[in-house]
Amino acid sequence: MAELKLSLFSNNFPEFFVIDHTGLVDIAKIQTDEDRRNATFQWTGPSLNFGEKGMLVRAVAPPGFCLRIATFDNFRIHSKFFTGITDPQVKAEVIEESTYVLEPAEIDPNQASFRSVKFPDRFIRHKNFELFAEPVVPPGELQSACFRIAQPLHPDAF
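Going by UniProt numbering, the sequence shown wraps up at 158, each residue one higher than the last.
What follows is the structure in structure tokens.
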């Protein structure tokens with residue numbers, strides 16, 4: 001499997017990148033080297049072609065964290081350490097809640113949206129600069145579920 005390192009920025013706020021802020025995932029401006037680290041991910045799907053399924057996993061230390069839909073927190077996107085989970089049933093559930101289908105964004109089909117596999121009516125979207133998995137109701141919310149794939153912001157992506 002190819003290692004697909006990337007960063008994602010908001011289509012309607014192009015200076016705001018998807019960033020893991022110690023467990024909660026938001027869109028924010030990159031201001032420090034630590035921000036660049038926390039905004040660099042690996043797509044685990046076989047390619048970045050539309051229709052592929054995969055997870056967004058931190059590509060810079062600490063490894064093993066994925067972007068998970070936290071059903072216990074109103075479908076907020078959290079980062080979750082999943083590689084160390086020893087209970088196979090719990091690990092399978094976390095992976096299922098962290099797997100997305102890469103789709104063309106409805107507002108701009110050249111850009112990407114991430115639709116949940118477990119909750120197929122929900123897309124990763126930003127609301128008040130926080131990421132959630134929610135249904136997207138056109139036309140007002142389409143921009144918030146549209147992301148541009150960029151080169152990884154941190155050079156140490158492993």
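Glycine is no exception: its CB is placed at the ideal position from the N, C-alpha and C atoms.
Within its chain, find whatever has a CB closer than 6 Å to the CB of residue i; leave out the 5 residues flanking it on each side and keep chain order.
i: residue 129; result: 26, 27
i: residue 38; result: 19, 20
CA-CA distance, residue i and residue j?
i: residue 15; j: residue 58; result: 20 Å
i: residue 60; j: residue 141; result: 31 Å
i: residue 17; j: residue 111; result: 14 Å
i: residue 47; j: residue 79; result: 22 Å
i: residue 73; j: residue 155; result: 33 Å
i: residue 100; j: residue 36; result: 23 Å
i: residue 114; j: residue 84; result: 25 Å
i: residue 23; j: residue 71; result: 14 Å
i: residue 160; j: residue 126; result: With the chain covering only 1 through 158, there is no way to say anything about residue 160.
i: residue 96; j: residue 64; result: 15 Å
i: residue 54; j: residue 45; result: 4 Å
Helix, strand or coil, according to DSSP, for residue i in the structure here?
i: residue 145; result: helix
i: residue 36; result: helix
i: residue 154; result: coil
i: residue 132; result: strand
i: residue 28; result: strand
i: residue 112; result: strand
i: residue 139; result: coil
If you drop the 5 nearest sequence neighbours on each side, which residues of the same chain put their C-beta closer than 8 Å to that of residue i?
i: residue 75; result: 69, 119, 122, 132, 133, 134
Since I believe residue j is in contact with residue i (beta carbons under 8 Å), could you give me their beta-carbon distance rounded to a whole number of angstroms?
i: residue 145; j: residue 124; result: 7 Å
i: residue 7; j: residue 102; result: At roughly 15 Å, the Cβ-Cβ gap does not stay under 8 Å, so residue 7 and residue 102 are not in contact.
i: residue 148; j: residue 50; result: Contact doesn't hold; Cβ gap of about 14 Å is too wide.
Report whether the distance from the Cβ of residue i to the nearest heavy atom of the ligand PLP is below 7 Å.
i: residue 14; result: Absence of the ligand PLP is noted for the structure shown, with no ligands found whatsoever.
Starting from the C-beta of residue i, find all residues in its chain whose C-beta is less than 7 Å away, skip the five residues before and the five after it, and write them out in chain order.
i: residue 3; result: 42
i: residue 108; result: 11, 146
**Item:** beta strand (DSSP E) runs wholly inside the region 41-99, at least 3 long, in chain order
**Value:** With a minimum length of 3 residues, the continuous beta strand (DSSP E) runs that stay inside the region 41-99 are 41-43, 53-58, 65-70, 76-81.
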